[in-house]
Amino acid sequence: MKFTTFYFSGTGNTRWAVDEFARIVGEKGHQADVVSIDIQTSLTDVELRGMIAQADAIGFANPIYGGDIPPIMRAFISRVVGLVRPQKMAKSAYAINTYGYVNAFGPTEMQKLLAGSGLTLSAYVNIRLCNNVTSSKPLDRAKLAKRMVKDQKELERLVDCLMAGRKRIKGHGPQLLIGAMIRKKVPEAIAKFYQTLGVDGASCTRCMACVENCPTGSIRLTGNRFVFSSGCTACMRCYNFCPTGAITIDGVRSDPQKFPRYQGPEA
């Protein structure tokens, strides 16, 4: 069988999850491709249709932000649905979600996004790692390592179910009621998030990492000023991966020594 997983990873959690998924699939003698949906990938409609047609099952993997999926993934799923609906491609689909505190999105919301596409949600799993928002509290690596072991087992169960044609739908629970309330406010908050971002001129080295690595191409250097635009998907990649910690939030630069940046579960 061939599994193609389209993923978005802001700071590395989801990338780790899809890499583990692909490793497990490969060890079981099957094929797994992982494809980033970052703007740098720039998949054409023809390429995307081909990837979907050649796969036995396709997956969508992403972090959960405030009870919702990132805007970049929501837009990508909408694009996929628009491409496959006319083709009447009946495919099995699976969702891999990473989160830090709680996943209040849920399989029902995912099914709504896929409605009428011919894609049937056969699996929906939650992979708990940690939050990528800066905290003054040191990252508990021991706790994270335990979660990663548990996550690997969950991903193996996912693979086994997909290969056997069995459903594995996780994520139902009372947290979804909270998610429904949160989602009413999250889109507006994310849409405005870019307005809080800036660059501290004293610590910036003009390395351009933020511009080159932005998954939505929403950062540019205009003259001597960095401009953040509304395409921002609030992934915190620019903030966490700036070599000098020069990205500011609400005009404040957090000292990287006091507020270590999060760069993925294996960093």
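Under the UniProt record's numbering, the first residue of the sequence shown carries the number 1, and numbering increases by one thereafter. C-beta atoms are modelled at their ideal positions from N, C-alpha and C, and glycine is treated no differently. A quick note: this is a predicted structure, and the numbers were derived from the prediction, not measured.
In whole angstroms, what is the alpha-carbon distance linking Asp45 and Leu144?
Looking up residue 45 in the sequence shown gives position 45. Looking up residue 144 in the sequence shown gives position 144. Their backbone Cα atoms lie some 38 Å apart in a straight line.
Starting from the Cα of Gly26, find the closest Cα among Phe8, Ile72, Ser42, Leu155 and give me that residue.
As a working mapping, residue 26 is identified with position 26 in the sequence shown. Ranking the options by Cα distance to Gly26, first place goes to Leu155.
Enumerate in chain order the residues of its own chain whose CB-to-CB distance from Val81 is below 6 Å, with the five nearest sequence positions on each side excluded.
Counting from 1 along the sequence shown, the entry for residue 81 is found at position 81. If we look at Val81 and ignore the five residues flanking it on each side, its Cβ neighbours are Ser117.
Hey, quick one: how far does the alpha helix (DSSP H) through Leu155 stretch, first residue to last?
For the purposes of this step, residue 155 is taken as the residue at position 155 of the sequence shown. Taken as a continuous stretch (DSSP letters only), the alpha helix (DSSP H) holding Leu155 covers 141-164.
In three-state terms, what does DSSP make of Lys2?
By one-based count along the sequence shown, residue 2 stands at place 2. If DSSP states are grouped into helix, strand and coil, Lys2 belongs with the strands.
Decide yes or no for the touch test of the stretch 259-266 against the stretch 238-245: beta carbon pairs closer than 8 Å, at least 3 of them.
yes
Out of Ile127, Thr108, Gln152, state which residue places its alpha-carbon closest to the alpha-carbon of Arg23.
Within the sequence shown, numbered from 1, the residue matching residue 23 stands at position 23. Arg23 has its Cα closest to that of Gln152, out of Ile127, Thr108, Gln152.
Are Val34 and Tyr7 close, meaning C-beta to C-beta below 8 Å?
If you number the sequence shown from 1, residue 34 lands on position 34. If you number the sequence shown from 1, residue 7 lands on position 7. Their beta carbons are under 8 Å apart, which means Val34 touches Tyr7 by this criterion.
Report yes if the C-beta distance between Thr248 and Ile72 is below 8 Å; otherwise report no.
Along the sequence shown, one-based indexing puts residue 248 at 248. Along the sequence shown, one-based indexing puts residue 72 at 72. No, the Cβ-Cβ distance between Thr248 and Ile72 is not below 8 Å.
Less than 7 Å between C-beta atoms, sequence neighbours within five positions excluded: which residues of the same chain meet that for Leu83?
Position 83 of the sequence shown, counted from the start, is the residue given in the question as residue 83. Correct list, in chain order: Asp45, Leu48, Arg49.
Can you name, in chain order, every residue of its own chain whose Cβ lies under 6 Å from the Cβ of Gln111, other than the five neighbours on each side?
One-based indexing of the sequence shown puts residue 111 at position 111. Counting only Cβ-Cβ distances below 6 Å, and skipping sequence neighbours, we find Leu121.
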